[in-house]
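Chains as they are written, first to last, in the working numbering: chain A, 4 to 199; chain B, 2 to 465. Everything on this sheet refers to the single structure shown next.
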């Protein structure tokens with residue numbers, strides 16, 4: 004959903020696993036929807052880790068743990084690998100996350116998050132380890148993501164890092180504009196290219 | 002001193018967006034039924050049409066059942082998605098190969114075999130295995146649905162140019178070692194994120210020696226190393242494969258095209274951001290034991306132990322082995338299997354069926370094994386019949402199903418039940434990929450055939 008990004012300060016949901024693939028984020032059987040109903044996808048985020056086959060919540064899975072909540076998902080390295088399904092980004096957005104923090108993202112999924120106004124924030128492995136430790140010690144740990152200044156801060160320890168975001172995408176996020184809005188204005192350039 | 006990737010990419014840059022990505026022109030967009038409906042909705046919401054409908058080709062493949070395609074799809078949700086693609090293609094004036102159309106099949110099998118994917122092109126699809134088309138010497142990669150909408154609307158996407166990586170495999174592959182084993186070997190060495198951020202050029206004598214089918218398999222799996230895409234520079238093998246294909250250039254146009262395609266190679270002094278070299282002789286038939294494609298071992302090898310795994314990855318490793326029902330340090334050879342799946346955009350081509358048939362010829366399917374043999378397209382299906390492979394397979398107790406993605410991701414009725422083991426020629430062994438609770442062991446068509454006739458994990462070299 005298009006929304007303007009500025010400063011986000013929130014508690015976090017920790018998922019300290021590596022190589023979380025998009026088949027786990029949203030299993031293929033939920034890809035049959037023909038509409039972009041983020042609420043539907045959000046309800047099925049991490050479906051098979053979150054619920055037993057009969058629909059009972061799996062105790063111990065982080066989304067079922069009342070100690071954790073917030074707008075920031077913190078995940079282990081290589082988050083979003085595998086399938087290009089944008090439904091994974093819709094599920095993350097639909098659940099209510101605005102930011103995903105990891106030390107490494109898979110390429111296609113990272114673009115999908117950005118195209119859905121979910122901000123992937125790449126941090127160093129040290130920052131990530133410390134953040135997992137902070138959240139483990141105190142689930143009320145907050146993180147501040149400052150989009151204008153491109154900084155991310157673990158408010159429990161004060162550790163802060165800058166993160167990468169290109170100027171174009173930053174402008175889009177801060178002004179709730181998407182790539183299609185931009186491309187539709189480029190028709191002359193496209194036609195000129197085709198005549199080359 | 003440019004790489005081939007630079008040459009193709011740079012030739013397609015409409016403009017460099019200030020402080021941002023490149024606006025890249027796309028020669029070919031493929032749409033399947035799963036990742037396109039919301040993109041077409043987007044066009045309707047904006048009240049716009051496709052800018053270049055003639056560059057777009059649609060076909061359903063993920064939901065199609067592999068039996069009874071002449072009847073309406075039973076699952077109403079699958080049917081709705083397949084029908085939506087047909088309706089969208091009609092509304093926006095796009096080419097559409099529907100179910101039972103003689104050109105229908107898995108997009109990544111049909112594109113090259115139809116000559117729709119050609120050297121030097123930029124090719125995208127809302128599907129990570131779009132990298133397959135790189136085998137013809139194209140820059141091909143998977144995109145999300147928002148990006149599908151961008152291409153439908155403007156024939157362009159905004160994309161940060163990836164870095165370039167060259168993977169060379171030198172030497173000769175051993176007997177019974179296939180392109181699939183080469184790819185599984187590379188993943189096991191480079192991990193599933195080893196090529197993330199890169200576009201891969203495959204080179205070296207072992208890659209050059211691969212048939213087009215082999216190259217399609219290798220490029221298909223680029224994404225499983227994290228690569229944005231992967232390709233092989235076009236050569237005589239490519240031209241021989243493409244010549245005469247339905248949509249390939251004809252006559253003088255063909256001669257001119259080949260002349261231009263011969264220029265598509267990395268300069269001798271091209272600099273890659275990363276380069277790795279492997280020895281083909283080191284590669285054995287491979288099989289995966291875990292829940293990502295990088296968790297592979299030689300078929301005669303042992304599972305790693307915790308000591309082999311970095312401490313930060315222990316949690317993922319243990320979760321994975323628990324899911325698979327395996328113990329660290331054990332061997333897979335001789336382990337009983339329940340299902341065998343031959344097919345998918347990875348290994349659903351004619352050469353894969355020839356390989357499978359070469360092992361099962363004169364043998365019988367093991368009792369208790371359920372085998373699904375699913376051609377990647379109707380063209381492959383027809384060729385199986387033309388070569389008489391169907392007779393060989395039937396005599397051994399196998400039947401050929403109708404084309405589609407099938408049990409690779411179980412969006413159609415072909416699902417592996419919970420807890421069951423499937424030796425699969427597909428591309429992913431993620432938890433639940435082939436159905437909730439399914440346990441996937443990725444391998445080549447030869448290894449799949451060996452499991453199908455013995456009922457357990459078997460080194461195919463013993464049956465050649």
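Backbone N, C-alpha and C define an ideal beta-carbon position, used for all residues, glycine too.
Closest Cβ-Cβ distance between residue 86 (chain A) and chain B: below 8 Å?
It does; some Cβ of chain B falls within 8 Å.
Can you round the beta-carbon distance between residue 109 (chain B) and residue 134 (chain B) to whole angstroms, since I take them to be within the 8 Å contact cut?
That belief holds up - the Cβ atoms of residue 109 (chain B) and residue 134 (chain B) are roughly 7 Å apart, short of 8 Å.
Are the beta-carbon atoms of residue 33 (chain B) and residue 77 (chain B) separated by less than 8 Å?
No, the pair does not count as a contact, with Cβ atoms beyond the cut-off.
With a 10 Å radius around its C-beta and 16 neighbouring C-beta atoms as the bar for buried, classify residue 206 (chain B) as buried or exposed.
Answer is exposed; the Cβ neighbour count stays below 16.
Do residue 354 (chain B) and residue 426 (chain B) have their C-beta atoms closer together than 8 Å?
No; because the gap between Cβ atoms is not below 8 Å, this pair is not in contact.
Is it buried or exposed for residue 170 (chain B), if we count other Cβ within 10 angstroms and need 16 for buried?
Answer is buried; the Cβ neighbour count reaches 16.
My assumption, with CB atoms under 8 Å, is that residue 193 (chain B) sits in contact with residue 286 (chain B). Please give the rounded CB distance.
In fact, because the Cβ distance is near 20 Å, the residues do not count as touching under 8 Å.
The region 20-46 of chain A: which residues have C-beta closer than 9 Å to a C-beta of chain B, in chain order?
Listed by position along the chain: 20, 21, 22, 23, 24, 25, 26, 27, 30, 31, 32, 34, 35, 36, 37, 38, 39.
Just curious, the beta strand (DSSP E) that residue 157 (chain A) is in, first and last residue?
Note, residue 157 (chain A): beta strand (DSSP E), 154-157.
I'd like to know whether the C-beta of residue 53 (chain A) is nearer than 8 Å to at least one C-beta of chain B.
So, not an interface residue.
Name the one or two DSSP bridge partners that residue 171 (chain B) has.
Residue 171 (chain B) pairs with B:280.
Kindly indicate which residue of A:26, A:99, A:166, A:101 has the alpha-carbon position closest to the one of residue 88 (chain A).
Comparing Cα-Cα distances from residue 88 (chain A) to each of A:26, A:99, A:166, A:101, the minimum goes to A:26.
List, in chain order, every chain D residue whose beta-carbon is nearer than 8 Å to that of residue 109 (chain A).
The structure shown contains no chain D; its protein chains are A and B.
Would you mind telling me which residues of chain A sit closer than 8 Å to residue 18 (chain B), beta carbon to beta carbon, in chain order?
Chain A residues near residue 18 (chain B): 171, 185.
In whole angstroms, what is the alpha-carbon distance linking residue 262 (chain B) and residue 120 (chain B)?
The straight-line gap from Cα to Cα measures roughly 6 Å.
Pull up the CB-CB distance for residue 130 (chain B) and residue 346 (chain B), whole angstroms please, since I reckon it's below 8 Å.
Going by Cβ atoms, the distance from residue 130 (chain B) to residue 346 (chain B) rounds to 5 Å, so yes, they are a contact pair.
Fully enclosed by the region 312-389 of chain B, which alpha helix (DSSP H) runs are 4 residues long or longer?
With a minimum length of 4 residues, the continuous alpha helix (DSSP H) runs that stay inside the region 312-389 of chain B are 315-325, 345-348, 351-361, 379-387.
Can you find a C-beta in chain B that's less than 8 Å from the C-beta of residue 98 (chain A)?
No, residue 98 (chain A) lies away from the interface with chain B (no Cβ there is under 8 Å from its Cβ).
What residue from A:13, A:172, A:194 has the CA that sits closest to residue 23 (chain B)'s CA?
Residue A:172 is the option with its Cα nearest to residue 23 (chain B).
Can you check whether the CB of residue 63 (chain B) is closer than 8 Å to the CB of residue 18 (chain B)?
It is not a contact, given that the beta carbons lie outside the stated cut-off.
Which first and last residues belong to the alpha helix (DSSP H) in which residue 459 (chain B) is found?
Counting along the chain, residue 459 (chain B) falls outside any alpha helix (DSSP H), and DSSP gives it neither H nor E.
For residue 92 (chain A), go through chain B and note every residue whose CB falls closer than 8 Å to its CB, in chain order.
What residue 92 (chain A) touches in chain B: 145.
Please classify residue 89 (chain B) as buried or exposed, where buried requires at least 16 neighbouring CB atoms within 10 angstroms.
It counts as buried.
Give the straight-line distance between the Cα atoms of residue 124 (chain B) and residue 59 (chain A), rounded to the nearest whole angstrom.
Those two C-alpha atoms are separated by around 43 Å.
Flag residue 189 (chain A) as yes if its beta-carbon sits less than 8 Å from any beta-carbon of chain B, otherwise no.
Answer yes: the Cβ-Cβ gap between residue 189 (chain A) and chain B drops below 8 Å somewhere.
Report the three-state DSSP secondary structure of residue 181 (chain B) (helix, strand or coil).
Helix at residue 181 (chain B).
So, residue 1 (chain B) versus residue 405 (chain B), is the Cβ gap smaller than 8 Å?
No statement about residue 1 (chain B) is possible, as the shown extent of chain B runs from 2 to 465 and does not include it.
Taking residue 63 (chain B) as part of the beta strand (DSSP E), name the residues at either end of that continuous run.
Note, residue 63 (chain B): premise wrong, no beta strand (DSSP E); not H, not E.
With a threshold of 8 Å between beta-carbons, can residue 323 (chain B) be considered close to chain A, or not?
For residue 323 (chain B), the answer is no, since every Cβ of chain A falls outside 8 Å of its Cβ.
Any Cβ of chain B within less than 8 Å of the Cβ of residue 162 (chain A)?
It does not: the Cβ of residue 162 (chain A) has no partner Cβ on chain B nearer than 8 Å.
Using beta carbons (cut-off 8 Å, strictly below), is residue 182 (chain A) in contact with chain B?
Answer yes: the Cβ-Cβ gap between residue 182 (chain A) and chain B drops below 8 Å somewhere.
May I ask which residues mark the beginning and end of the beta strand (DSSP E) holding residue 474 (chain B)?
Residue numbering for chain B in the displayed model covers 2 to 465; residue 474 (chain B) lies beyond these limits and cannot be assessed.
Assign residue 178 (chain A) to one of two classes, buried (16 or more other C-beta atoms within 10 Å of its C-beta) or exposed (fewer than that).
Exposed is the call here.
So, at 6 Å on beta carbons, what are the nonlocal neighbours of residue 98 (chain A) in its own chain, with the 5 sequence-adjacent residues on each side left out?
The answer, listed in chain order, is 45, 48.
For residue 426 (chain B), would you say it is in contact with chain A, using Cβ-to-Cβ distances shorter than 8 Å as the test?
Not one chain A Cβ lies under 8 Å of residue 426 (chain B).
When you compare the CB positions of residue 22 (chain A) and residue 84 (chain A), do they come within less than 8 Å of one another, or not?
Result yes, Cβ atoms of residue 22 (chain A) and residue 84 (chain A) sit closer than 8 Å.
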